[in-house]
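Structure record follows, encoded as structure tokens.
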């Protein structure tokens, strides 16, 4: 069955098209909770919620099935969340799938598997029965839409300049954007005007940069941004974790040069996000074929240095960037 975006589901909910069972795939915990709360609001409105988290680590498989299946005398509305359904075994797993086909009236269920690419039998069966909702970490281009949505949740229609200011400040995850929007809206008085300058008042936390931001800054030959984003990334990871993606970036740019500047159709997995892949042609124009070949050789030297020397990661990254981008 189909894989849906959160936007797809919210459009359906706004039309009154609500399912009793939903299946989430992906490990963005903020988006998981955001969806759960949205559905909770549609079920209970302003009434008291009856949400219950059912954890296979804490409960037997049969106890979980009994909880979601057995209605009380008053047919009360109940809302259940099951994480890691793969831990529900045997007959109980079959009963869970049967519930998905024919749920108990007034009982609502959200099932969550963090691994979007799970090949487990239960994941495949749930996909067939329910379809799935994508709650992976959004790509760069989707964060602007999420920023607008989070302001809209607060009843605010922000100008594009404010959205950009929030993205510049907190655009590494929806979670951080949501925290920033919450702080801004709480601090926004009746006499205040929502401007980028107003937003800057709430910039008192350190942003975490992501790998794709570093790779795009390398592709753009932006030395200062590459140093900032790269050093932040390796402070939380390590240099060796950057090598496969950096190598892929330069290899893909080399292929573009070998094909006379034409980007070829994507034919298989490369360790680059869509936010980087979509900019490969533009990045390739910043480099000559000889520069790319030199940089690939330099990456090979750095790989050897990691394995044979005691040079620290910051020094290795700085050496690479100054040789590559200057």
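In our numbering, the protein residues as written are 556 to 881.
We put the beta carbon where it would ideally sit given N, CA and C, even for glycine.
With DSSP collapsed to three states, give me the class of residue i.
i           : result
residue 689 : strand
residue 663 : strand
residue 668 : strand
residue 675 : coil
residue 559 : strand
residue 733 : helix
residue 742 : helix
residue 626 : coil
residue 879 : helix
residue 593 : helix
residue 705 : helix
residue 681 : helix
residue 711 : coil
residue 757 : coil
residue 569 : helix
residue 564 : helix
residue 585 : helix
residue 716 : helix
residue 728 : coil
residue 749 : coil
residue 644 : coil
Of the residues the options, which one's Cα is nearest the Cα of residue i?
i           : options               : result
residue 716 : 702, 602 and 727      : 702
residue 874 : 753, 627, 682 and 778 : 778
residue 812 : 788, 791 and 840      : 840
residue 696 : 831, 878 and 559      : 831
residue 623 : 665, 582 and 612      : 665
residue 619 : 643, 796, 680 and 878 : 643
residue 652 : 637, 680 and 662      : 680
residue 667 : 688, 683, 661 and 657 : 688
residue 882 : 677, 780 and 710      : For the chain, the structure presents residues 556 to 881; residue 882 sits outside this window and is missing.
residue 867 : 786, 836, 843 and 845 : 786
residue 630 : 609, 781, 613 and 659 : 659
residue 507 : 569, 693, 617 and 765 : Nothing can be reported for residue 507, as the shown portion of the chain is limited to 556 through 881.
residue 834 : 770, 731 and 607      : 770
residue 632 : 807, 592, 575 and 686 : 575
residue 712 : 750, 825, 798 and 842 : 750
residue 810 : 797, 842, 829 and 792 : 842
residue 727 : 693, 878, 737 and 880 : 693
Quick one: what's residue i bridged to in DSSP?
i           : result
residue 606 : 634
residue 578 : 666
In whole angstroms, what separates the C-alpha of residue i from that of residue j?
i           : j           : result
residue 794 : residue 872 : 7 Å
residue 720 : residue 827 : 26 Å
residue 561 : residue 572 : 14 Å
residue 876 : residue 800 : 15 Å
residue 641 : residue 724 : 38 Å
residue 645 : residue 767 : 42 Å
residue 586 : residue 864 : 42 Å
residue 578 : residue 648 : 15 Å
residue 582 : residue 704 : 20 Å
residue 604 : residue 637 : 17 Å
residue 670 : residue 757 : 34 Å
residue 514 : residue 698 : Since the first residue shown for the chain is 556 and the last is 881, residue 514 is missing from the structure and cannot be characterised.
residue 855 : residue 814 : 24 Å
residue 734 : residue 803 : 34 Å
residue 755 : residue 742 : 12 Å
residue 790 : residue 747 : 38 Å
residue 774 : residue 838 : 5 Å
residue 626 : residue 674 : 33 Å
residue 847 : residue 788 : 23 Å
residue 594 : residue 707 : 17 Å
residue 558 : residue 654 : 20 Å
residue 851 : residue 566 : 46 Å
residue 672 : residue 853 : 34 Å
residue 656 : residue 588 : 24 Å
residue 634 : residue 722 : 34 Å
Would you check whether the ligand PLP has a heavy atom nearer than 7 Å to the C-beta of residue i?
i           : result
residue 683 : This structure does not include the ligand PLP; it has no bound ligands of any sort.
Taking only runs that begin and end inside the segment 819-877, name each unbroken alpha helix (DSSP H) of 4 or more residues, in chain order.
Whole alpha helix (DSSP H) segments, 4+ residues: 829-832, 835-839 and 844-863.
- Uninterrupted alpha helix (DSSP H) stretches inside the segment 764-815 (no shorter than 4 residues): Runs found: 766-774, 778-791 and 798-813.
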